[in-house]
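Read in the working numbering, the sequence shown has 102 at position 90, and its numbers run on one by one without any break. We put the beta carbon where it would ideally sit given N, CA and C, even for glycine. Given the structure is predicted, the values throughout are model-derived calculations rather than measurements.
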Amino acid sequence: MPALGFAASSGPLESSGTDLSDKASLQRGAGLFMNYCSGCHALSMHRYSRIASDLGLSEELVEQHLIQGDAKIGENINTGIAAGDGNAWFGKAAPDLSLTARAKLGGPDWIYSYLKGFYVDESRPLGWNNTVFPGASMPHVLWEMQGIQRPVYGESHEGMPPHVEKLELATPGRLDAREYDQVARDISAFLQYVAEPAALKRESVGVWVVLFLAFFTFIAYLLKLEYWRDVH
Ligand code: HEC
């Protein structure tokens with residue numbers, strides 16, 4: 013069967029492969045987000061300082077490289093543009109992404125697939141459309157990295173709009189496909205962390221719980237040896 017998946021927003025999503033225990037990935041994701049996304053999207057439920065301590069970044073580094081504009085390290089992450097301007101430019105205000113990775117069906121996979129799903133569409137006001145979010149009013153802000161994708165339409169059925177069967181890379185970007193996947197994965201992982209910062213703690217606590225259980229099993233085993241020695 014041909015890949016019909018991209019017809020609607022309910023199409024299958026690609027697996028993002030995000031890993032919250034991969035600090036380097038989260039750090040890169042934070043950097044990419046601040047540089048490419050925070051101009052329009054806020055993470056208003058977060059402070060820069062929290063991100064610094066959770067991701068193991070020094071406050072100086074965050075101040076010098078991640079904070080856009082003149083915000084302070086203790087402030088929440090707001091966007092550079094006022095909501096009204098966003099409405100005027102994109103027909104829609106860019107939503108706050110604090111909880112998006114939890115709100116979307118598929119979570120980080122949705123974001124990953126979305127970041128990979130942009131294609132040129134002259135019928136759209138900004139010239140971009142998206143397979144995961146048809147009609148999205150967000151331009152493809154990472155096109156220089158990914159390159160420009162063109163849609164390949166499937167057979168059209170009477171009365172139905174043509175559906176995008178797959179995307180083809182028309183103009184290569186700065187990165188190859190694998191490198192761009194990593195960029196999309198890092199951003200998705202960062203937004204997954206942002207939507208549930210406690211998950212970071214939980215994973216590291218998880219490691220200790222497993223180690224404790226392993227240790228405890230070992231002690232129980234020694235005890236068993238000890239008891240059985242008397243029985244024999
Ligand atoms: C130029 C402004 C702009 C930039 C930069 C931008 N976006 Fe967007 N984004 C938008 C707008 C506007 C929407 C709303 C689209 C709609 O609803 O039609 C949106 C929607 C989204 C959504 C869907 C949110 C939802 O709740 O439906 C996600 C996820 C998203 N953007 C992620 C990103 C990421 C990740 C980046 C950085 C790589 C980014 N955006 C950069 C303007 C922007």
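Starting from N141, follow the beta strand (DSSP E) in both directions and report where the run begins and ends. Start and end: W140 to N142.
Reduced DSSP category for T30 - H, G, I as helix; E, B as strand; rest coil: The answer is coil: DSSP assigns T30 none of H, G, I, E or B.
Using only the alpha-carbon positions, how far apart do F45 and E208 sit? F45 and E208 have their C-alpha atoms some 16 Å from each other.
Mind pulling the alpha helix (DSSP H) runs of 4 or more residues that sit fully within the stretch 132-202? Within the stretch 132-202, the complete alpha helix (DSSP H) runs of at least 4 residues are 155-158.
Three-way DSSP call (helix, strand, coil) for L55 in this model: Three-state result, L55: strand.
Can you look up I89 in the DSSP assignment and give me helix, strand or coil? Strand at I89.
Any heavy atom of the ligand HEC closer than 8 Å to the Cβ of P107? At least one heavy atom of the ligand HEC is found less than 8 Å from the C-beta of P107.
Considering K213, what are the terminal residues of the alpha helix (DSSP H) in which it resides? For K213, the enclosing alpha helix (DSSP H) has its first and last residue at A210 to V243.
Taking the CB atoms as reference points, tell me whether Y205 and A211 lie closer together than 9 Å. Using a Cβ distance threshold of 9 Å, Y205 and A211 count as a contacting pair.
Along the alpha helix (DSSP H) that carries Q39, what are the first and last residues, could you check? Q39 -> alpha helix (DSSP H) spans K35 to Y48.
If we ignore side chains and look at the alpha-carbon of each, how far apart do M57 and V222 end up? Between the alpha carbons of M57 and V222 lies a gap of roughly 32 Å.
Determine the contact status of L158 and Y192, defining contact as a CB-CB distance below 9 Å. Sequence check: residue 158 is Gln here, not Leu. Taking 9 Å as the Cβ cut-off, Q158 and Y192 qualify as a contacting pair.
C-alpha gap between E156 and P184, whole angstroms: When rounded, the distance between both Cα atoms is 9 Å.
If you draw a straight line from the alpha carbon of L55 to that of V132, how long is it in whole angstroms? Distance between the alpha carbons of L55 and V132 is about 28 Å.
Exposed or buried, what is H77 when buried is set at 16 or more other beta-carbons lying within 10 Å of its beta-carbon? Under a 10 Å Cβ-count criterion, H77 is classified as exposed, with fewer than 16 other Cβ atoms of the shown protein chains found around its own Cβ.
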